[in-house]
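Residue numbers (the working numbering): 308 to 606. Ideal Cβ placement from N, Cα and C applies to all residues, glycine included. Being a predicted model, the structure only gives us computed values, none of them experimental. Comments concern the structure below.
Now the structure itself:
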């Protein structure tokens with residue numbers, strides 16, 4: 308239980324956010340794991356939390372993902388995307404299970420166990436017109452720790468511009484803004500609201516897209532970044548990769564190269580007709596691994 312508590316503190320408090328609702332910045336989709344956080348300028352099923360405008364260019368599909376963290380922490384997600392006239396809509400559910408913890412009384416004597424977890428239900432609406440796309444996500448985030456509960460209404464919104472002639476996509480979004488319904492404590496914690504600027508460029512002479520995202524926290528005076536890309540390979544294969552600023556912001560004392568590549572992800576995706584399966588992993592700092600898999604069906 309102590310190891311699990313330490314891991315929660317390191318991964319969520321320092322690596323992702325400084326808020327009681329850690330799961331708002333957690334990774335639930337395998338694409339986020341492989342690219343070290345998810346690409347905002349590339350339409351994908353994690354766009355609802357990064358830049359909902361990406362949903363405007365997605366085909367109808369269903370995706371299931373499972374992500375495994377150390378200390379038996381795991382995240383599951385399911386996303387459904389369909390078209391409604393000229394709009395795209397999506398419905399998703401995410402769950403982050405922190406596992407079982409030992410409960411003790413005031414004398415330090417064990418008297419049972421309790422669970423902790425986060426559940427996130429949301430809906431996405433997006434539309435595109437020529438080169439411009441826009442979208443909005445709204446949902447409810449529920450968090451519980453033993454008998455304590457917290458809840459928030461959470462929104463994200465953004466726009467994407469596709470410069471087709473140069474194969475460049477650029478976006479800006481406001482992620483995770485809203486209001487608390489209930490809190491764990493009386494402290495006035497803030498949601499991890501960020502402005503995210505994203506860009507993606509397809510290379511002319513290589514089957515490779517490169518992308519970058521820079522996030523500016525509105526409340527915690529923190530700037531984060533990620534850089535990654537996707538190789539298009541023969542036989543229906545794609546190789547995704549990414550690095551981010553997580554270990555750099557922690558100042559581990561290692562040299563710069565170790566700090567950068569010590570916070571990196573890699574994944575491979577295989578597509579056959581309307582089916583695809585993806586596996587990937589992310590190495591975090593001291594040798595901890597996050598890994599997972601996802602299955603996708605387009606219809």
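Can you give the beta carbon distance from residue i to residue j, rounded, assuming they're within the 8 angstroms contact cut?
i	j	result
residue 585	residue 398	Between residue 398 and residue 585 the Cβ distance is about 21 angstroms, and since that is not below 8 angstroms, they are no contact.
residue 485	residue 462	5 angstroms
residue 573	residue 592	About 16 angstroms separates the two Cβ atoms, so there is no contact after all.
residue 385	residue 400	5 angstroms
residue 424	residue 404	5 angstroms
residue 341	residue 507	Rounded, the Cβ-Cβ distance is 15 angstroms, inconsistent with contact.
residue 367	residue 393	Residue 367 to residue 393, Cβ: 14 angstroms. No contact.
residue 466	residue 432	In fact, because the Cβ distance is near 13 angstroms, the residues do not count as touching under 8 angstroms.
residue 353	residue 429	With 8 angstroms as the limit, residue 353 and residue 429 do not qualify as a contact, their Cβ atoms being about 12 angstroms apart.
residue 498	residue 459	6 angstroms
residue 571	residue 550	4 angstroms
residue 524	residue 357	Not a contact, Cβ separation roughly 14 angstroms.
residue 533	residue 333	Residue 533 to residue 333, Cβ: 15 angstroms. No contact.
residue 505	residue 346	7 angstroms
Residue range of the alpha helix (DSSP H) that residue i falls in?
i	result
residue 339	337 to 341
residue 354	354 to 357
Rounded to whole angstroms, what is the Cα-Cα separation between residue i and residue j?
i	j	result
residue 595	residue 538	25 angstroms
residue 329	residue 426	11 angstroms
residue 500	residue 535	23 angstroms
residue 318	residue 375	Any answer about residue 318 is weak, because its pLDDT of 46 lies below 50 and its placement is not dependable; what the coordinates show is given next. Going by the C-alpha atoms only, they are around 13 angstroms apart.
residue 469	residue 360	11 angstroms
residue 363	residue 395	5 angstroms
residue 412	residue 488	29 angstroms
residue 387	residue 580	18 angstroms
residue 602	residue 578	10 angstroms
residue 517	residue 415	53 angstroms
residue 439	residue 502	19 angstroms
residue 448	residue 417	31 angstroms
residue 553	residue 373	22 angstroms
residue 545	residue 515	10 angstroms
residue 590	residue 379	16 angstroms
residue 444	residue 464	6 angstroms
residue 542	residue 495	52 angstroms
residue 455	residue 408	14 angstroms
residue 569	residue 491	33 angstroms
residue 520	residue 406	31 angstroms
residue 435	residue 600	30 angstroms
residue 604	residue 369	5 angstroms
residue 410	residue 453	9 angstroms
With which residues is residue i paired in a DSSP beta bridge?
i	result
residue 605	368
residue 599	374 and 587
residue 456	451
residue 527	Answer is none; residue 527 lacks a bridge partner.
residue 535	518 and 549
Residue i lies in the beta strand (DSSP E); which residues open and close that run?
i	result
residue 331	Here residue 331 belongs to no beta strand (DSSP E), and DSSP marks it neither H nor E.
residue 545	544 to 551
residue 442	439 to 452
residue 517	515 to 524
residue 579	570 to 579
residue 349	Neither: residue 349 is in no beta strand (DSSP E) and is coded neither H nor E.
Any beta strand (DSSP E) of 3 or more consecutive residues that is wholly inside the segment 459 to 510: 475 to 489 and 501 to 509
Completely contained beta strand (DSSP E) runs for the segment 359 to 434, where each covers 3 or more residues: 368 to 375, 381 to 391 and 394 to 411
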